[in-house]
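Residue 1251 is where the sequence shown starts when you use the working numbering, and the numbers rise one by one after that.
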Amino acid sequence: MVVGGGFAGATCARALKKLQPGLSVTLVEADRIFTACPMSSEVVAGLREMKQQEFGYDGVARASVTVVNAAAQSVDPAKRTVTLADGSQLPWDRLVIAPGIDIDWKGLPGYDEKAAERMPHAWKAGPQTMLLRRQLEAMEDGGLVVISLPDGLIRCAPAPYERAGLIAHYLKTKKPKSKILILDAKDSFSQQRLFQKAWKELYPGMIEWVALSQAGKVTSVDAAALTFTTDFETHKAAVGNVIPPQRAGAIARAAGVADSSGWCPVEPVSFESTLQPGIHVLGDAVVLSGLAKSAYIASEAARVCAAAIVARLAGKPPAEPRLGNTCYSMAAPDYAFSMKYLYRPQDGQLVEIPGNTYFSPLDGDAALRAREAGEAQAWFRTATNEIFG
């Protein structure tokens, strides 16, 4: 049984049926429509429509996976059952949980679900995405967009900076007197030199990044006043985008596979939980050295997990996997860069395999940036078609 129908869960369910057609595979997912987070900042910036992010589960069902549209409420590892919201129970021999992330509503003073209606996080694609887009559209030219980032782990670490660039593209086109302020609880970030070079080239003077050491950490927000408070200053926004602290989805905590950090430790060969034997965890909820929180590697890990489960059900040890990750970051519709890794397990973690790492060159020309932007779009189309088509 697989709980959670995002990139990781739906991929794993389909891979299990493909590898072992005789298996009975059930996918439990509360929503009938999956709304993808990758590329959702293009929706915020008016470059895509939300319909392009939405996918149903008919393709998964056609692959002979039993799709149960219901919320999983709890897991009993001893009895090997999952209890659904209506009280019914489903049995399992092997359980895969792909719960995604939840917002930690207690992680930032002043920020709760009500505040999110005024200062959207848009970190779960859907209504919040459209709310942020509408706020940008309604903002007067010359307004300040403030984006705040937490200090802990988040889904897709480069994504906030991608969002800043794409919002800047919208503002440059529609509201060129406006600016963006990024308040960051960290002193560095993924692909920082590439992002900052893109911002300087494409949006000179429009984006300001304030690091932790420059009093960038937001200590509280006031949604009514649209203010962000740091240790030394209070910043007033016309549009506020709070990217809040996060943790593994609720079902992971209910199943006992999340530790005190709020995330789910796993071993790197089959992604079996180190806390609950017989339960595997995939996707953004996982914490494992070397494993990024990206849709690309979530799907890669899901296929590895499926192969390991099939091997174990046959009484065989799983093969040592190789996992690839490719992360594309968009700075404009025709400007992107990427990083690519290949990993293998070692000492309970994932380590890079030497000679298999790629970073877009800092001095890449316009043709390269445009080509990688096209590759990013092609990856999204291919991945979603393979998983949901």
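Where is the CB? At the ideal position from N, CA and C, for every residue including glycine. It should be emphasised that the depicted structure is a prediction, and the values quoted were computed from it without experimental measurement.
In this structure, the beta-carbon distance from F1521 to V1507 does not fall below 8 Å.
The three-state secondary structure of H1419, taken from DSSP, is helix. Here L1358 is buried, its C-beta having at least 16 other C-beta atoms within 10 Å.
Distances from the alpha-carbon of N1635 to those of A1286, I1347, L1266, V1253 put A1286 closest.
In the assembly as shown, I1283 is an exposed residue. Its beta-carbon has fewer than 16 other beta-carbons within 10 Å. Cβ atoms of D1434 and A1414 stay farther apart than 8 Å, at about 10 Å. The shortest C-alpha to C-alpha distance from F1482 to any of P1327, A1388, K1467 is the one to K1467.
By the 16-neighbour rule on beta-carbons within 10 angstroms, E1367 is exposed. Secondary structure remark: continuous beta strand (DSSP E) runs of at least 3 residues inside the stretch 1443 to 1488, in chain order: 1457 to 1460, 1468 to 1472, 1477 to 1480, 1484 to 1486.
Looking at the DSSP output, K1429 sits in a beta bridge with L1394.
In this chain, the beta strand (DSSP E) harbouring E1304 covers 1304 to 1306. Residue burial annotation: Q1339 is exposed, with fewer than 16 other C-beta atoms found within 10 angstroms of its C-beta.
Three or more Cβ pairs closer than 8 Å define a contact, and the stretch 1609 to 1624 meets that threshold against the stretch 1580 to 1594. Cβ-Cβ separation between E1570 and R1553: approximately 14 Å, too far for a contact (criterion under 8 Å). If the five residues before and after Q1378 are omitted, its C-beta is found closer than 8 Å to the C-beta atoms of A1366, P1370, H1371, A1372, all from its own chain and listed in chain order. 8 Å or more divides the Cβ of A1551 from the Cβ of A1322.
In this structure, the straight-line span from the alpha carbon of Y1608 to that of F1638 is close to 29 Å.
Exposed is the label assigned to Q1464, since fewer than 16 other Cβ atoms lie within 10 Å of its Cβ. In its chain, beyond the 5 residues on either side, V1471, V1492, P1494 have a beta carbon closer than 6 Å to the beta carbon of Y1361. Note that the C-beta distance between L1416 and L1297 is below 8 Å. A straight-line Cα-Cα distance of about 16 Å links Y1546 and V1531.
In the assembly as shown, R1443 is an exposed residue. Its beta-carbon has fewer than 16 other beta-carbons within 10 Å.
For A1582, the enclosing beta strand (DSSP E) stretches over residues 1573 to 1582. In the three-state scheme derived from DSSP, where H, G and I count as helix and E and B as strand, D1534 is classed as helix. By the 16-neighbour rule on beta-carbons within 10 angstroms, T1480 is buried. E1458 and K1374 have their C-alpha atoms spaced approximately 25 Å apart.
The Cβ atoms of Q1385 and V1489 lie closer than 8 Å to each other.
Collapsing the DSSP output to three states places T1261 in a helix.
When secondary structure is reduced to three states using DSSP, E1363 falls in the coil class, being assigned neither helix nor strand. Looking from the CA of I1603, the closest CA among K1422, L1592, M1456 belongs to L1592. In the three-state reduction of the DSSP assignment, T1524 falls in the coil class, being assigned neither a helical nor a strand state. The residues R1264, K1267, in chain order, have a CB closer than 6 Å to that of A1313 in the same chain once the five nearest residues on each side in sequence are set aside. Less than 8 Å divides the Cβ of G1512 from the Cβ of A1498.
When DSSP states are grouped into helix, strand and coil, K1268 belongs to the helix group.
In this structure, DSSP gives P1567 a state outside helix and strand, which the three-state scheme calls coil. Shown here for A1558: same chain residues with a beta carbon closer than 7 Å to its own, the five before and five after excluded, namely V1519, S1520, P1568 in chain order.
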